[in-house]
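**Q** In the numbering used here, the protein residues as written are 328 to 591.
Spelled out as structure tokens, the structure:
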């Protein structure tokens, strides 16, 4: 089933939902209506029992060019509150992706700049077209990082690289992003969506409870001590060991058959 609005397209498939940023003429640059529509689409997919995985991508030749500056033309006598913009519109999108129990796959089909790059990096598995570029463009605009970039990048590629690409605001190619560990995979442009959908379909066969536990564990590990993380793993594993998913998985393994997990 397809649902189209002017700025976000939603397609529901068997076990997953594809969400496409839909302002191709503007390289899918962010506006308030698009961010609101994106958040709604994400929340609805996460609440949909028939959806186990979300695939996020962009229409046209770019993934997302960051904030549409036409929405922020100076108004004489008024100073903009960009902090409020983050709190009200960008941060809820990032938090929704990171806190969701369901995996979010991102297919970066072209340029991902500024907040657009960081929305991609918030996702669980990121694939990129060989022609894609990641740009922390904030220094070119007189701004600091936002949309979680200062949190994601040091953890993905290390502090030295993160600082350098932010300060220099230089594009990072898909190949370099892959070599640094910023993203999972680079594919040819014409193979990006088929590869991303195949991976998404594979994830739909995994146990929903396992996906949720993995996301929760890795999210917490960024701030936990080893002792705290060991305690969380024990807690998560206790719950997982008592679940129907675990019983199904063990039974299938002992029978030499692929497991068929129950949806949520």
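All C-beta atoms, glycine included, are put in the ideal place defined by N, C-alpha and C.
Just checking, does the stretch 370-380 make contact with the stretch 404-415 on the three C-beta pairs under 8 angstroms criterion?
**A** Counting Cβ pairs under 8 angstroms, fewer than three are found: no touch.
**Q** Using DSSP with H/G/I as helix, E/B as strand and the rest coil, what is residue 510?
**A** Along the chain shown, read from residue 1 onward, the residue named residue 510 stands at position 183. DSSP places residue 510 in coil when its eight states are reduced to three.
**Q** Short of 6 angstroms in beta carbon distance, which residues of its chain neighbour residue 358, apart from the five on each side in sequence? Order them along the chain.
**A** For this step, residue 358 is matched to residue 31 along the chain shown. Hits under 6 angstroms: 395 and 398.
**Q** Grab me the residues of residue 393's own chain with a C-beta within less than 7 angstroms of its C-beta, minus the 5 sequence neighbours each way, in chain order.
**A** Taking the first residue of the chain shown as 1, we reach residue 393 at position 66. Closer than 7 angstroms at Cβ, skipping near neighbours: 356, 357, 440, 441, 442, 443 and 464.
**Q** Roughly how many whole angstroms lie between the Cα atoms of residue 318 and residue 496?
**A** Past the boundaries of the shown model lies residue 318; the chain is included only from 328 to 591, so the question cannot be answered.
**Q** Quick check: residue 386 and residue 360, are their CB atoms within less than 8 angstroms of each other?
**A** By 1-based counting over the chain shown, the position of residue 386 is 59. By 1-based counting over the chain shown, the position of residue 360 is 33. Not in contact: residue 386 and residue 360 (Cβ atoms no closer than 8 angstroms).
**Q** Do the stretch 338-348 and the stretch 471-486 meet, that is, are 3 or more Cβ pairs less than 8 angstroms apart?
**A** Touching, no.
**Q** Whose CA, out of 432, 388 and 427, lies closest to the CA of residue 512?
**A** Taking the chain shown and counting its residues from 1, one reaches residue 512 at position 185. Among 432, 388 and 427, the Cα nearest to that of residue 512 belongs to 432.
**Q** In angstroms, rounded to a whole number, what distance separates the CA positions of residue 543 and residue 521?
**A** Locating residue 543 in the chain shown gives position 216, counting from the first residue. Locating residue 521 in the chain shown gives position 194, counting from the first residue. Their Cα atoms are separated by approximately 28 angstroms.
**Q** Following the continuous beta strand (DSSP E) through residue 589, name the residue where it begins and the one where it ends.
**A** Position 262 of the chain shown, counted from the first residue, corresponds to residue 589. From DSSP, residue 589 is part of no beta strand (DSSP E); its letter is neither H nor E.
**Q** Mind pulling the beta strand (DSSP E) runs of 3 or more residues that sit fully within the stretch 482-529?
**A** Complete beta strand (DSSP E) runs here, min 3: 512-514.
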